[in-house]
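Everything on this sheet refers to the single structure shown next.
Protein chains in written order, with our numbering: chain B, 1 to 336; chain X, 1001 to 1336.
This is the structure in structure tokens:
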């Protein structure tokens, strides 16, 4: 198992390594969020202010560089595509917060809480349309095929997640299918389009796809673990959100699987019937600790993380490859 | 002013003329709505069952034919693009019904009323992504540029509409900008992509764009008139919906403009403060009749309709051109 004590700073190191590209990407995001309709850049500014790690555009920029893409003042396709990936992600976040009725996002009031559900739905649609305009401007049919397929897969994942809600009999494979759709598919596409910009062998493109898929799976597993483990400040969202929504995640499935008959009754009332009191979150955290459900979840995340690192092995060793490997471990270490 | 007593049947005649293409388009719609996630085709079947006139895909098919596109078993780009246009339209309908909290659509329970808001948001996203996959499969960058720009304009129009809600000081030009965005832009794009399939002079493409824009403006003006005029069965939605939502449309702006001081107080309470009782709809209809606000709205629709017909004049006379002209007049006659 890969260990990295300095993992916490890996994402900042990767950002710093790609600093110029990231600045250009942030400029493109702000610029392409403009519209003659004032509410759109206003809501956009709220999202930009909320920050976020910009992990997905970083993956596009890093993948392009890893495949030898050499930017120049008139060669900035990687920047446009990184912005495009972030637009798709932001659109899905806006719609997720409406669907989940979330009031916090990254520790700040969510857009739907400030601007209302209507604005979040419609500005999400705008950003989604804008992302396709960015792809069209890029002009590669391969890129469009990858990103439009990923967009459809994300929506399918979200619908599937809705269908599993409140259902403790959801098989683990179904849960994995959900997180593949809602998270890993875009991570994979973000990496893959970086490779498409160059004419490297298809094996490198597939390796980056596998890297993104496995990193995305690890990332979402850890996110789901953090919902029962972290304090609100670390996570930037309300702890117990998933439980309140009756969302089926691995920590719950693992705790339920290892539960006594009396504990199963608790989970069924809380998750399936959705009948919850203030005392239920502490009780849930206690049962999750007792059954090591977080440990089970993190162990599975680590397996995906190891596969992500392994996928990079076809690239020669380099500072960038090392930074990507450390980013993978950072993703898992967030929950440790 | 163009008159056509048989206008009511014009849309059926156009559908019949393009019957084979329309069947192929309907098959493509059902087929591309498939997904391993069962709720997606289920919700899709609800939408297909609700019917609808499929006016936008008809426009794509008709425009392609008018420009001389000659289909063959292996030349069916017009069908794929017509389905694509309908997917974009359906996605926006699903999101509109969520935003407007509508319970009826075309006389049947709306998707959000049956499947819930979450499913409508997410399946809308899926259909939108699918439309971009259809465009990618078509492979024309010009088509993608037209349809992705139209998609962004639709979202802008919807956001602008939200910003004008409850605001009786909205200038008529702002209202026209809203309906251009939310309706006319997709009509124009639906027509334009039909022309792009052939290598006809750019003047024909621009003529079809102008035709679609003007037809879309007329169509939406009439729709807005019908909300204060038709009975529920004719319209397939609840009369007075727009008033209940405080939506700013031309019938209201015209009635308010011509109102006495006491009538202005009524409109301000109902539209701006949104305080409504059961007696208010009959009162509103009375004031709208008194000020001939429907007449004002239809007259403006007729001006756009005339411009739409005029735009077709660069094409030689033909049965298809005649059917399109009659379809324009049908659009206006719905409210007479």
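Ideal Cβ positions, reconstructed from N, Cα and C, are used throughout, including at glycine.
Determine the closest residue to residue 1283 (chain X) out of X:1063, X:1211, X:1252, with distance taken between C-alpha atoms.
Translated into the one-based positions of the second chain, residue 1283 (chain X) becomes position 283. Selected option, being the one with the closest Cα: X:1252.
Under the three-state DSSP convention, the category residue 207 (chain B) falls into
Position 207 of the first chain, counted from the start, is the residue given in the question as residue 207 (chain B). Residue 207 (chain B): helix per DSSP, three-state reduction.
Under three-state DSSP, which class holds residue 1338 (chain X)?
In the structure as shown, chain X starts at 1001 and stops at 1336, and residue 1338 (chain X) therefore has no counterpart that could be examined.
Which same chain residues, not among the five before or five after residue 176 (chain B), have their C-beta less than 8 Å away from its C-beta?
Position 176 of the first chain holds residue 176 (chain B). Answer for residue 176 (chain B): 217, listed in chain order.
Any contact between the stretch 1270-1288 of chain X and the stretch 1029-1045 of chain X? By contact I mean 3 or more CB pairs, one from each, below 8 Å.
no
Given a threshold of 16 other Cβ atoms within 10 Å of its Cβ, counted over all protein chains shown, does residue 1078 (chain X) qualify as buried or as exposed?
Residue numbering aside, residue 1078 (chain X) sits at position 78 when the second chain is read from its first letter. So residue 1078 (chain X) ends up on the buried side.
Residue of X:1178, X:1312, X:1334, X:1092 minimising C-alpha distance to residue 1209 (chain X)
Along the second chain, one-based indexing puts residue 1209 (chain X) at 209. It is X:1312.
Alpha carbon to alpha carbon, how far is residue 1259 (chain X) from residue 1275 (chain X)? Give it in angstroms, no decimals.
Within the second chain, residue 1275 (chain X) is the residue found at index 275, counting from 1. Within the second chain, residue 1259 (chain X) is the residue found at index 259, counting from 1. When rounded, the distance between both Cα atoms is 19 Å.
Measuring only between beta-carbons, confirm whether residue 222 (chain B) sits less than 7 Å from chain X.
On the first chain, position 222 is the one that residue 222 (chain B) refers to. Proximity of residue 222 (chain B) to chain X, defined by a Cβ-Cβ separation below 7 Å, is not satisfied.
For residue 1040 (chain X), go through chain B and note every residue whose CB falls closer than 9 Å to its CB, in chain order.
Mapped onto the second chain, residue 1040 (chain X) falls at position 40. Under the 9 Å cutoff, chain B gives 155, 156, 159.
For residue 1130 (chain X), go through chain B and note every residue whose CB falls closer than 7 Å to its CB, in chain order.
Position 130 of the second chain, counting from 1, holds the residue named residue 1130 (chain X). By Cβ distance, chain B contributes 152.
To the nearest whole angstrom, what separates the beta carbons of residue 1110 (chain X) and residue 1241 (chain X), a pair I think is in contact under 8 Å?
On the second chain, residue 1110 (chain X) is found 110 positions in, with the first residue counted as 1. On the second chain, residue 1241 (chain X) is found 241 positions in, with the first residue counted as 1. Actually they are not in contact, since the Cβ atoms of residue 1110 (chain X) and residue 1241 (chain X) sit about 11 Å apart, beyond 8 Å.
I believe residue 1061 (chain X) touches residue 1323 (chain X) by the beta-carbon criterion, under 8 Å. Please report the beta-carbon distance rounded to the nearest angstrom.
Within the second chain, residue 1061 (chain X) is the residue found at index 61, counting from 1. Within the second chain, residue 1323 (chain X) is the residue found at index 323, counting from 1. Not confirmed; about 12 Å, so no contact.
Any beta-carbon of chain B closer than 7 Å to the one on residue 1339 (chain X)?
Residue 1339 (chain X) lies beyond the residue range present for chain X, which begins at 1001 and ends at 1336; the question has no answer from this structure.
Which of helix, strand or coil does DSSP assign to residue 1305 (chain X)?
The residue given as residue 1305 (chain X) occupies position 305 in the second chain. The answer is helix: DSSP assigns residue 1305 (chain X) an H, G or I state.
So is residue 249 (chain B) buried or exposed if we call it buried at 16+ other beta carbons inside 10 Å?
One-based indexing of the first chain puts residue 249 (chain B) at position 249. It is buried - the Cβ of residue 249 (chain B) has at least 16 other Cβ atoms within 10 Å.
Relative to the C-alpha of residue 205 (chain B), which candidate in B:84, B:142, B:86, B:120 has its C-alpha closest?
Here residue 205 (chain B) corresponds to residue number 205 of the first chain, with the count starting at 1. Taking only the C-alpha atoms, the option nearest residue 205 (chain B) is B:142.
If you count every other CB in all the chains shown that lies within 10 Å of the CB of residue 138 (chain B), and 16 or more means buried, which is it?
In the first chain, the residue the question calls residue 138 (chain B) occupies position 138. Residue 138 (chain B) is buried by the Cβ-count criterion.
Looking at residue 125 (chain B) and residue 1155 (chain X), is the spacing between their C-beta atoms short of 7 Å?
Along the second chain, one-based indexing puts residue 1155 (chain X) at 155. Along the first chain, one-based indexing puts residue 125 (chain B) at 125. The criterion of a C-beta distance shorter than 7 Å is satisfied by residue 1155 (chain X) and residue 125 (chain B).
Taking Cβ-Cβ distances shorter than 8 Å, what residues in chain X pair up with residue 136 (chain B)?
Along the first chain, read from residue 1 onward, the residue named residue 136 (chain B) stands at position 136. What residue 136 (chain B) touches in chain X: 1141, 1144, 1145, 1148.
If residue 181 (chain B) sits next to residue 157 (chain B), beta carbons under 8 Å apart, how far is it from one beta carbon to the other, in whole angstroms?
Taking the first residue of the first chain as 1, we reach residue 181 (chain B) at position 181. Taking the first residue of the first chain as 1, we reach residue 157 (chain B) at position 157. Yes, residue 181 (chain B) and residue 157 (chain B) are in contact; Cβ-Cβ is about 2 Å, under 8 Å.
Please list, in chain order, the chain B residues whose beta carbon lies closer than 7 Å to that of residue 1053 (chain X).
Your numbering for residue 1053 (chain X) matches position 53 in the second chain. For a Cβ distance threshold of 7 Å, nothing in chain B lies close to residue 1053 (chain X): the least Cβ distance comes to about 23 Å.
Beta-carbon proximity list for residue 153 (chain B), same chain, < 7 Å, skipping 5 on both sides:
The residue labelled residue 153 (chain B) in the question sits at position 153 within the first chain. The beta carbon of residue 153 (chain B) sits closer than 7 Å to those of 181, 185, all from its chain and outside the five residues before and after it, given in chain order.
Can you round the beta-carbon distance between residue 243 (chain B) and residue 265 (chain B) to whole angstroms, since I take them to be within the 8 Å contact cut?
Numbered from 1 along the first chain, position 243 holds the residue referred to as residue 243 (chain B). Numbered from 1 along the first chain, position 265 holds the residue referred to as residue 265 (chain B). Not confirmed; about 16 Å, so no contact.
Just to confirm, is the Cβ distance from residue 246 (chain B) to residue 161 (chain B) under 7 Å?
Taking the first residue of the first chain as 1, we reach residue 246 (chain B) at position 246. Taking the first residue of the first chain as 1, we reach residue 161 (chain B) at position 161. In this structure, the beta-carbon distance from residue 246 (chain B) to residue 161 (chain B) does not fall below 7 Å.
For residue 1021 (chain X), report the span of its alpha helix (DSSP H) as first-last.
The residue you call residue 1021 (chain X) lines up with position 21 of the second chain. Counting along the chain, the alpha helix (DSSP H) containing residue 1021 (chain X) begins and ends at 1019-1032.
Hey, does residue 118 (chain B) have any beta-carbon neighbour from chain X nearer than 7 Å?
On the first chain, position 118 is the one that residue 118 (chain B) refers to. Yes, its Cβ sits closer than 7 Å to a Cβ of chain X.
At a CB-CB cut-off below 7 Å, which residues of chain X make contact with residue 121 (chain B)?
Your numbering for residue 121 (chain B) matches position 121 in the first chain. Within chain X, the residues near residue 121 (chain B) are 1095, 1098, 1099, 1121.
Is DSSP giving residue 1001 (chain X) helix, strand or coil here?
For the purposes of this step, residue 1001 (chain X) is taken as residue 1 along the second chain, with counting starting at 1. Note that residue 1001 (chain X) scores a pLDDT of 35, beneath 50, so its modelled location is shaky; the value from the coordinates is reported in the next line. Residue state, collapsed to three classes: coil.
Where residue 1075 (chain X) sits in the DSSP three-state scheme:
Counted from its first residue, the second chain places residue 1075 (chain X) at position 75. It is a strand residue.
Determine, for residue 1126 (chain X), whether the minimum Cβ-Cβ distance to residues of chain B falls below 7 Å.
Here residue 1126 (chain X) is taken as the residue at index 126 of the second chain, counted from 1. Answer yes: the Cβ-Cβ gap between residue 1126 (chain X) and chain B drops below 7 Å somewhere.
What span of residues does the alpha helix (DSSP H) with residue 1168 (chain X) cover, start to end?
Your numbering for residue 1168 (chain X) matches position 168 in the second chain. Here residue 1168 (chain X) belongs to no alpha helix (DSSP H), and DSSP marks it neither H nor E.
Given a cut-off of 7 Å, decide if residue 1140 (chain X) and residue 133 (chain B) are closer than it, judged by their beta-carbon atoms.
Translated into positions along the first chain, residue 133 (chain B) becomes position 133. Translated into positions along the second chain, residue 1140 (chain X) becomes position 140. The beta carbons of residue 133 (chain B) and residue 1140 (chain X) sit no closer together than 7 Å.
Answer with yes or no whether the minimum CB distance from residue 1037 (chain X) to chain B is below 7 Å.
Position 37 of the second chain, counted from the start, is the residue given in the question as residue 1037 (chain X). For residue 1037 (chain X), the answer is yes, since a Cβ of chain B falls inside 7 Å of its Cβ.
Using a Cβ-Cβ distance under 7 Å, would residue 163 (chain B) count as near chain X?
Walking along the first chain from the start, residue 163 (chain B) turns up at place 163. It does: the Cβ of residue 163 (chain B) has a partner Cβ on chain X nearer than 7 Å.
First and last residue of the uninterrupted alpha helix (DSSP H) at residue 1126 (chain X)
The residue given as residue 1126 (chain X) occupies position 126 in the second chain. Unbroken alpha helix (DSSP H) run through residue 1126 (chain X): 1117-1138.
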